[in-house]
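J.: The structure follows.
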Ligand SMILES: *[C@@H]1O[C@H](CO)[C@@H](O)[C@H](O)[C@H]1NC(C)=O
Ligand SMILES: *[C@@H]1O[C@H](CO)[C@@H](O)[C@H](O)[C@H]1NC(C)=O
Ligand SMILES: *[C@@H]1O[C@H](CO)[C@@H](O)[C@H](O)[C@H]1NC(C)=O
């Protein structure tokens, strides 16, 4: 049925092109939030804007994964038609010829949304746009950070783990050092469409070096963000480890704060309890050779990411 209609439109379009006519539907553009929270009281407004160049609207239809769930045909009475959308409802009062509001979403409604606009007779010119929407079930608790030691000597390698409860989709983990981002561990699930909640886990190996060691023979980048991408093609449990390795100059103040943040798109971000790590026998700053740019050079970072998975 849908296919037939599309083929008809295609033929119309072709005839129209041959005729050298003007389009009566222009600038169709879809606007869908990248992510929304699931649950009662949560909603998403999907919009499509278009320019019919003076021609009347024949219909606008909304689809989720090829299944129509909302139709607005101004010529019909009533103009609105809603089809069941399991796991959410359409808020009719807030839906019209340009937008549709869906409420109380379930994460299984994540996926591709499309709007299809058709101009009125005689040409019934049709165009369609799509955009992804993710319905998020956030983790229950804040991420948990464990650190192998709370004090360090220069030359030590400090190990830290950050783990996040199950969520949909699996959160990304960002490591912070004195509240600056130093690395990001990306959760990348090929089978997102099974809608399963998954946890996330990241391991950090932090080397605290003397300033001299740090400079000798090493090149380093400044404030770049490292990313760990697990192999996209192989399904792996979160426990499979990707170790983020990171080197820093021993800070002039003799202490630093380590933290991790779990994020899901732009709608969820939660920080672990930060952990302070202090130098065993702090030396006066003047002896370390660090100057007032000490804090700055702490941010000049050598980032080596070794993805165990990729190395294998
Ligand atoms: C609409 O489309 C025309 C060309 O098709 C373009 O020149 C114009 O900038 C567009 N307007 C908007 C608001 O996008
Ligand atoms: C981090 O996790 C690994 C693997 O589960 C474990 O062997 C190690 O002891 C943990 N380290 C810390 C500091 O919690
Ligand atoms: C994780 O980060 C990657 C890369 O920045 C991004 O494409 C992806 O959407 C993020 N995932 C989540 C759940 O925020």
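In this note's numbering, the protein residues as written are 421 to 732. We treat Cβ as the ideally placed atom computed from N, Cα and C, and that holds for glycine. If you're wondering where the values come from, they're calculated on a predicted model, not measured in any experiment.
Go through its chain and collect everything with a Cβ distance to residue 481's Cβ below 6 Å, but skip five positions before and after it.
T.: The residues are 488, 491 and 536.
J.: With respect to the beta strand (DSSP E) encompassing residue 691, which residues constitute its N-terminal and C-terminal limits?
T.: Its beta strand (DSSP E) spans residues 688–691.
J.: When DSSP builds the beta bridges, which residues end up paired with residue 572?
T.: Residue 572 pairs with 699.
J.: Quick check on DSSP: helix, strand or coil for residue 561?
T.: Looking at residue 561 - three-state DSSP - the assignment turns out to be coil, as it is neither helix nor strand.
J.: What are the start and end residues of the beta strand (DSSP E) that includes residue 456?
T.: Start and end: 455–457.
J.: With a 10 Å radius around its C-beta and 16 neighbouring C-beta atoms as the bar for buried, classify residue 696 as buried or exposed.
T.: With fewer than 16 Cβ atoms within 10 Å of its Cβ, residue 696 is classed as exposed.
J.: On the DSSP letters alone, give me the boundaries of the beta strand (DSSP E) that residue 555 sits inside.
T.: Taken as a continuous stretch (DSSP letters only), the beta strand (DSSP E) holding residue 555 covers 546–556.
J.: For residue 644, count the other beta carbons within 10 Å of its own beta carbon; 16 or more makes it buried, fewer makes it exposed. Which is it?
T.: Confidence is the limiting factor: at residue 644 the pLDDT is only 41, short of 50, which leaves the residue's position unreliable, though a coordinate-based value still follows. Classification of residue 644: exposed, given that the 10 Å Cβ count is below 16.
J.: I'd like to check one pair, residue 472 with residue 452: are the Cβ atoms closer than 8 Å?
T.: Cβ distance not < 8 Å, so residue 452 and residue 472 don't count as in contact.
J.: For residue 548, I'd like the list of residues in its chain whose CB is within less than 8 Å of its CB, leaving aside the five on either flank, ordered along the chain.
T.: Taken in chain order, the residues that qualify are 448, 534, 535, 536 and 537.
J.: Quick check: what's the CA-CA separation for residue 513 versus residue 519?
T.: Their backbone Cα atoms lie some 11 Å apart in a straight line.
J.: Give the straight-line distance between the Cα atoms of residue 711 and residue 459, rounded to the nearest whole angstrom.
T.: In this prediction, residue 711 scores a pLDDT of 43, lower than 50, which makes its location untrustworthy; the coordinate-derived value is nonetheless stated afterwards. Distance between the alpha carbons of residue 711 and residue 459: 53 Å.
J.: What three-state label does DSSP hand residue 529 in the structure shown?
T.: In the structure shown, residue 529 sits in a helix (DSSP, three-state: H, G or I).
J.: Let me know if residue 686 comes out buried or exposed under the rule of 16 or more other beta-carbons within 10 Å of its beta-carbon.
T.: When all chains shown are included, residue 686 counts as exposed.
J.: Please list, in chain order, all residues of the same chain as residue 629 whose beta carbon is under 8 Å from its beta carbon, the five residues on each side excluded.
T.: Only 574, 575, 667, 668, 669 and 670 meet the Cβ criterion.
J.: Less than 7 Å between the CB of residue 580 and some heavy atom of ligand 2, yes or no?
T.: Yes - ligand 2 has a heavy atom lying nearer than 7 Å to the Cβ of residue 580.
J.: Check the C-beta distance from residue 553 over to residue 663 and give it rounded, since I have them as a contact under 8 Å.
T.: So it is not a contact: roughly 34 Å between Cβ atoms.
J.: So what's residue 448 in DSSP terms, helix, strand or just coil?
T.: The answer is strand: DSSP assigns residue 448 an E or B state.
J.: Within 10 angstroms of its Cβ, does residue 559 collect 16 or more other Cβ (buried), or is it exposed?
T.: Buried: at least 16 other Cβ atoms inside 10 Å.
J.: Under 7 Å: does the beta carbon of residue 369 sit that close to some heavy atom of ligand 2?
T.: Nothing can be reported for residue 369, as the shown portion of the chain is limited to 421 through 732.
J.: Count the other CB atoms, across all protein chains shown, that sit within 10 Å of the CB of residue 555; report buried if there are 16 or more and exposed otherwise.
T.: Its Cβ being crowded by 16 or more others within 10 Å, residue 555 is buried.
J.: Taking buried to mean at least 16 other C-beta atoms within 10 Å of its own C-beta, is residue 504 buried or exposed?
T.: It is exposed - the Cβ of residue 504 has fewer than 16 other Cβ atoms within 10 Å.
J.: Using only the alpha-carbon positions, how far apart do residue 698 and residue 570 sit?
T.: Taking the straight line from one Cα to the other gives about 6 Å.
J.: For residue 600, count the other beta carbons within 10 Å of its own beta carbon; 16 or more makes it buried, fewer makes it exposed. Which is it?
T.: Label assigned to residue 600: exposed.
J.: Considering only the beta carbon of each residue, do residue 593 and residue 631 sit closer than 8 Å?
T.: Result no, Cβ atoms of residue 593 and residue 631 do not sit closer than 8 Å.
J.: Who are the near neighbours of residue 450 in its chain, counting only those whose CB is closer than 8 Å to its CB and skipping five residues on each side?
T.: If we look at residue 450 and ignore the five residues flanking it on each side, its Cβ neighbours are 466, 467, 468, 533, 534, 535, 549, 550 and 551.
J.: Quick check on the burial criterion: 16 or more other C-beta atoms within 10 angstroms. Buried or exposed for residue 527?
T.: Counting Cβ neighbours within 10 Å, residue 527 comes out buried, since at least 16 surround it.
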